[in-house]
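Shown next, in structure tokens, is the structure this report addresses.
There are 2 protein chains.
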Amino acid sequence: MSKNLTSRSEDYSKWYNELVVKADLAQNSAVRGCMVIKPYGYAIWEKMQAELDRMFKETGHQNAYFPLFVPKSLFEAEEKNAEGFAKECAVVTHYRLQNDPDNPGKLRVDPEAKLEEELVVRPTSEAIIWSTYKGWIQSYRDLPLLINQWANVVRWEMRTRLFLRTAEFLWQEGHTAHATKKEALAEAELMNNVYADFAENFMAIPVIKGTKTESERFAGADETYCIEALMQDGKALQAGTSHFLGQNFAKAFDVKFANSEGTQEYVWATSWGVSTRLMGALIMTHSDDQGLVLPPNLAPNQVVIVPIYKGAEQLEELSSTVQGIMKGLRALGVTVKYDDRDTFRPGAKFAQHELQGVPLRIAIGARDLANGTVELARRDTLTKESVALEGIEQHVKDLLDEIQNALFEKAYSYREEHITEVDTFPEFKKVLKNKGGFISAHWDGTAETEDRIKEYTKATIRCIPIDGKKEEGKCVLTGNPSKQRVLFAKAY
Amino acid sequence: MSKNLTSRSEDYSKWYNELVVKADLAQNSAVRGCMVIKPYGYAIWEKMQAELDRMFKETGHQNAYFPLFVPKSLFEAEEKNAEGFAKECAVVTHYRLQNDPDNPGKLRVDPEAKLEEELVVRPTSEAIIWSTYKGWIQSYRDLPLLINQWANVVRWEMRTRLFLRTAEFLWQEGHTAHATKKEALAEAELMNNVYADFAENFMAIPVIKGTKTESERFAGADETYCIEALMQDGKALQAGTSHFLGQNFAKAFDVKFANSEGTQEYVWATSWGVSTRLMGALIMTHSDDQGLVLPPNLAPNQVVIVPIYKGAEQLEELSSTVQGIMKGLRALGVTVKYDDRDTFRPGAKFAQHELQGVPLRIAIGARDLANGTVELARRDTLTKESVALEGIEQHVKDLLDEIQNALFEKAYSYREEHITEVDTFPEFKKVLKNKGGFISAHWDGTAETEDRIKEYTKATIRCIPIDGKKEEGKCVLTGNPSKQRVLFAKAY
Chain A
1 MSKNLTSRSE DYSKWYNELV VKADLAQNSA VRGCMVIKPY GYAIWEKMQA
51 ELDRMFKETG HQNAYFPLFV PKSLFEAEEK NAEGFAKECA VVTHYRLQND
101 PDNPGKLRVD PEAKLEEELV VRPTSEAIIW STYKGWIQSY RDLPLLINQW
151 ANVVRWEMRT RLFLRTAEFL WQEGHTAHAT KKEALAEAEL MNNVYADFAE
201 NFMAIPVIKG TKTESERFAG ADETYCIEAL MQDGKALQAG TSHFLGQNFA
251 KAFDVKFANS EGTQEYVWAT SWGVSTRLMG ALIMTHSDDQ GLVLPPNLAP
301 NQVVIVPIYK GAEQLEELSS TVQGIMKGLR ALGVTVKYDD RDTFRPGAKF
351 AQHELQGVPL RIAIGARDLA NGTVELARRD TLTKESVALE GIEQHVKDLL
401 DEIQNALFEK AYSYREEHIT EVDTFPEFKK VLKNKGGFIS AHWDGTAETE
451 DRIKEYTKAT IRCIPIDGKK EEGKCVLTGN PSKQRVLFAK AY
Chain B
1001 MSKNLTSRSE DYSKWYNELV VKADLAQNSA VRGCMVIKPY GYAIWEKMQA
1051 ELDRMFKETG HQNAYFPLFV PKSLFEAEEK NAEGFAKECA VVTHYRLQND
1101 PDNPGKLRVD PEAKLEEELV VRPTSEAIIW STYKGWIQSY RDLPLLINQW
1151 ANVVRWEMRT RLFLRTAEFL WQEGHTAHAT KKEALAEAEL MNNVYADFAE
1201 NFMAIPVIKG TKTESERFAG ADETYCIEAL MQDGKALQAG TSHFLGQNFA
1251 KAFDVKFANS EGTQEYVWAT SWGVSTRLMG ALIMTHSDDQ GLVLPPNLAP
1301 NQVVIVPIYK GAEQLEELSS TVQGIMKGLR ALGVTVKYDD RDTFRPGAKF
1351 AQHELQGVPL RIAIGARDLA NGTVELARRD TLTKESVALE GIEQHVKDLL
1401 DEIQNALFEK AYSYREEHIT EVDTFPEFKK VLKNKGGFIS AHWDGTAETE
1451 DRIKEYTKAT IRCIPIDGKK EEGKCVLTGN PSKQRVLFAK AY
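Quick look at the structure:
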């Protein structure tokens, strides 16, 4: 495995692309814009899935599965949603291939197998799900309906990047139905909080909770909550969104319920999702020029043990000690791998595990055995120490907790250092250019100003922070009155 | 919830369809042939997934994810595979919709957004995966490659039935690469054994392990191993298949490896899969005229507790006892739900849980509390007993084990009673008509005879049993020599 990555300072974007491929996370496929998620990358995604799934169930949600395809007539029912996604839809028009008479051995679509109605490959599932909910909801007793789906979706993006923007991606999408506006708003906010909790406490990624401006909202939503993270190059990344959909889909699909007085009302809706994009956030928050850095919670192997030996006999001697350590670690809930491959030398193994972000590496040789010690290398700080074999298990366990915290603290400090309050537009442009990060500035609340700032600087309003100061001020561009600072940034 | 199902004897097929819908497992969707898997059905599927995933990982496999789409040129590379699936492919031809100028408010495919190369929605992933493996395999050190994928696939079936045959279904597909034929054959057989173990010991479904005849093989396979189950109407159901693919895909995609002597060789392959079809097998193996019967291993709730009370005060009294039982059951690893909904009467709850196959139901009222007993109802036998509160937890735990075994034994007896050895064709037809089940008969080994028997009787060769007698005999149709009995049946 060739290790040498381009450094972040040299070319951040190139560093990212190389890391994703060299650390065996994902690669481009033969299909334009679609990725292959490799086993190591998928194992990390599985850890995210398991934790999120647990959190969704704990908050009362159930999983279900809805069709991949959305008939065009359903797709176009909610006008804003349709408009928002029409430009990036993969469309199935035929249901059969046949031998191509002009090209022996080749196939072509069978012109006689044209679908009466085209099928859109779901870019998101509100349409197909709300057409189904119509049959599930009659009375207030059927509410709330709290459902999540793990699925693949397709959005035909023109410029794609592994994990960050791919034509097909994996995600979960929650779709809930409620009797009241208040309850639906509370659900949308709750799930945004679940995402924030997951990002911070599980992925060690600090996030800012906020709402989107109207022009950045999900197509079909009345309000979009989001969590925004900051990458090491000073660009923001939207890590999750939760939408209050009002009665838009209920009206488009005529989903009403009888309230406790027997009156028919339209149902209130939310939807919320996170995707394999989180892999991009993970990589760009913690990793360094040596490769991936994984918070212990997300590491497929939290510890790897590498034996240093000459000959089979020495290996056997080491191995019985190693088995004891592994048993002890597993009893403490630590995942550990013994890398006793004889096709690679220790140095090559060290390099690989460093590149792949294994949080702790234990190296043990005959001399260590004699001294009753092992060498313990920590991935995040790239430091090594000699540690007594006795009690190694608890030491490792504690260190993993420490690493999980340290990664969050480091990212948090970086993020805090990169939120800059500015009050004039020249300053805005200067900070954006020289420092990057979030710019906290007053905005007059108009889409026009938002657009102009975007046009001048490429920075967008990432969110109106929920916990932000309610201070009054003057718009950084127009000088018109503003009631709250918002966060601008260039973004992924 | 309206319970009354059509009885199995009246109309088996109608009974199945009604059960799937009324027990809240799945329903048809707005998309032809595609189903919605409802939360209760999906919870059962999640239990299957978790156990299978554990078994795959235990046998050394890793998960990964490959694209949904297969470019036509890759799809057609392995000729037999392409031929086998071409007739049932959903094909994406466009990547954008636009406003339809002739129909305001409607959309149409944008004629300018036609793909240069059509994309087939994967009916199975050998093509896309082997085109990827080409980049992953150089040397014998890269082998074996043991990968599994959980995914949705699409096969455009004309006649669909919930779970049994749907245009889109969920499955797992294993795709492995090996250095030798022997190793690939062993893998294909191993995974068929894993499926058999899962079906019998987890789903309580007895299966016969065998190989398929050439005409029933997977398109592109040199050998197909399978597990065949028998449904209560005497029809067989193929519950899982595992294919030895020879070097067919390696040749089609030019995947070679350098062996330890440095010589280039084509790689050997297997693939294997089970799908949401297993839900159909589950339903038709165990369920009865009252509804679903679930083996405890697959029950989202193994026990449900229903309080019998008048007024809030009585409910509160009962609830503290119930909480104690639940705690005790959970400590033993039993999943339990307290159904204290005040919107339904006990009778309605009993009916629902019976219909949904909850293995054990505990009813507890004020009188029970006074007597120190509860009423325990067993779903599989539809029997009730009064049981002491003291020690109820262990009693329930033991009973769940007993039910799991009893369901297997019952299905096994039925299956054994429905394997009939026949030696003449008139007898063959008579047994098939009057009794159904598997017919064990001699076959001369030709596709022609197989086809003729199918034409005359609709029965197909389900498998050549692996553990079958190697007895010589004469073909039941032609009288030509045969070396082994094979199993015929009508099948789903």
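Top to bottom, those sequences are chains A and B.
Take 1 as the starting number for the first sequence in our numbering and just add one per residue.
Take 1001 as the starting number for the second sequence in our numbering and just add one per residue.
Note that the Cβ used here is the ideal one computed from N, Cα and C, for glycine as well.
This structure is a prediction, so every number in the text was calculated from the model and none was measured.
Give the single residue among the options whose Cα lies nearest to the Cα of residue i.
{"i": "Ala1023 (chain B)", "options": "B:Glu1472, B:Ile1205, B:Lys1469 and B:Gln1352", "result": "B:Gln1352"}
{"i": "Glu1010 (chain B)", "options": "B:Gly1437, B:Arg1054 and B:Asp1288", "result": "B:Asp1288"}
{"i": "Glu1076 (chain B)", "options": "B:Gly1220, B:Gln1062, B:Thr1335 and B:Phe1428", "result": "B:Gly1220"}
{"i": "Ile1464 (chain B)", "options": "B:Glu1455, B:His1418, B:Ala1489 and B:Tyr1456", "result": "B:Ala1489"}
{"i": "Glu1118 (chain B)", "options": "A:Lys384, A:Ala167, A:His94 and A:Val154", "result": "A:His94"}
{"i": "Glu416 (chain A)", "options": "A:Pro206, A:Glu223, A:Ile44 and A:Phe244", "result": "A:Pro206"}
{"i": "Thr285 (chain A)", "options": "A:Ser320, A:Thr224 and A:Leu407", "result": "A:Leu407"}
{"i": "Glu51 (chain A)", "options": "A:Thr211, A:Gly33, A:Gln172 and A:Glu168", "result": "A:Gln172"}
{"i": "Asp100 (chain A)", "options": "B:Pro1123, B:Leu1389, B:Val1476 and B:Lys1072", "result": "B:Lys1072"}
{"i": "Ile1466 (chain B)", "options": "B:Lys1209, B:Met1158, B:Trp1015 and B:Arg1008", "result": "B:Lys1209"}
Give the interface partners of residue i over in chain B, defined as CB-CB distance under 7 angstroms, in chain order.
{"i": "Glu118 (chain A)", "result": "Val1109"}
{"i": "Pro71 (chain A)", "result": "Ala1030 and Val1031"}
{"i": "Phe198 (chain A)", "result": "The premise fails here: Phe198 (chain A) is roughly 20 angstroms from chain B at the closest Cβ pair, so nothing lies under 7 angstroms."}
{"i": "Asn81 (chain A)", "result": "Those do not exist, as Asn81 (chain A) stays about 12 angstroms from chain B at its closest Cβ, beyond 7 angstroms."}
{"i": "Leu430 (chain A)", "result": "According to the sequence shown, residue 430 (chain A) is Lys rather than Leu. Near Lys430 (chain A) there are no residues of chain B at all, since even the closest Cβ is about 40 angstroms away, more than 7 angstroms."}
{"i": "Lys106 (chain A)", "result": "Glu1076"}
Interface residues of chain A around residue i at Cβ under 8 angstroms?
{"i": "Asn1063 (chain B)", "result": "Pro39, Tyr42, Ala43 and Glu46"}
{"i": "Tyr1095 (chain B)", "result": "Glu88, Cys89, Ala90, Val91 and Trp156"}
{"i": "Ile1128 (chain B)", "result": "Ser29, Ala30 and Val31"}
In the DSSP assignment, what are the bridge partners of residue i?
{"i": "Val1486 (chain B)", "result": "B:Ala1441"}
{"i": "Asn301 (chain A)", "result": "Asn301 (chain A) pairs with nothing; no bridge assigned."}
{"i": "Val109 (chain A)", "result": "A:Leu97"}
{"i": "Ala236 (chain A)", "result": "A:Leu230 and A:Ala491"}
{"i": "Trp1268 (chain B)", "result": "B:His1178"}
{"i": "Ser1386 (chain B)", "result": "B:Glu1375"}
{"i": "Glu1168 (chain B)", "result": "B:Val1154"}
{"i": "Pro1128 (chain B)", "result": "The sequence shown places Ile at residue 1128 (chain B), not Pro. Partner(s): none; Ile1128 (chain B) has no beta bridge."}
{"i": "Gly1324 (chain B)", "result": "DSSP lists no partner for Gly1324 (chain B)."}
{"i": "Arg161 (chain A)", "result": "A:Arg165"}
Here's the rule: buried if 16 or more other CB atoms are within 10 angstroms of the residue's CB, otherwise exposed. What is residue i?
{"i": "Ser1440 (chain B)", "result": "buried"}
{"i": "Glu448 (chain A)", "result": "exposed"}
{"i": "Ile227 (chain A)", "result": "buried"}
{"i": "Met1 (chain A)", "result": "The pLDDT assigned to Met1 (chain A) is 44, lower than 50, so where the model puts this residue is not dependable, and the model offers no usable value."}
{"i": "Asn480 (chain A)", "result": "exposed"}
{"i": "Ser1139 (chain B)", "result": "exposed"}
{"i": "Lys181 (chain A)", "result": "exposed"}
{"i": "Ala151 (chain A)", "result": "buried"}
{"i": "Ser1320 (chain B)", "result": "exposed"}
{"i": "Gly1174 (chain B)", "result": "buried"}
{"i": "Asp380 (chain A)", "result": "buried"}
Starting from the beta carbon of residue i, find every residue of chain A whose beta carbon is closer than 9 angstroms, and list them in chain order.
{"i": "Gln1098 (chain B)", "result": "Ala86 and Lys87"}
{"i": "Leu1052 (chain B)", "result": "Those within 9 angstroms of Leu1052 (chain B) in chain A number zero; the least Cβ separation is about 14 angstroms."}
Residue i versus chain A: which residues are under 7 angstroms apart at the beta carbon?
{"i": "Ile1147 (chain B)", "result": "Pro39"}
{"i": "Leu1074 (chain B)", "result": "Ala30"}
{"i": "Lys1251 (chain B)", "result": "Correct list: empty, because the minimum Cβ distance to chain A is about 15 angstroms."}
At 8 angstroms on the CB atoms, spell out the chain B contacts of residue i, in chain order.
{"i": "Val500 (chain A)", "result": "Nothing about residue 500 (chain A) can be read from this structure; chain A reaches only from 1 to 492."}
{"i": "Val36 (chain A)", "result": "Ala1064, Tyr1065, Phe1066, Pro1067 and Thr1132"}
{"i": "Asn152 (chain A)", "result": "Leu1068, Ala1151 and Asn1152"}
{"i": "Arg141 (chain A)", "result": "Thr1343"}
{"i": "Lys57 (chain A)", "result": "Those within 8 angstroms of Lys57 (chain A) in chain B number zero; the least Cβ separation is about 10 angstroms."}
What residues in the stretch 21-34 of chain A have a beta carbon less than 8 angstroms from any beta carbon of chain B?
Gln27, Ser29, Ala30, Val31 and Cys34
Select from the stretch 337-367 of chain A all residues with a C-beta closer than 8 angstroms to any C-beta belonging to chain B, and list them in chain order.
Thr343
Which residues, in chain order, does the stretch 1156-1173 of chain B contribute to contact with chain A at a C-beta distance below 7 angstroms?
Trp1156, Glu1168 and Leu1170
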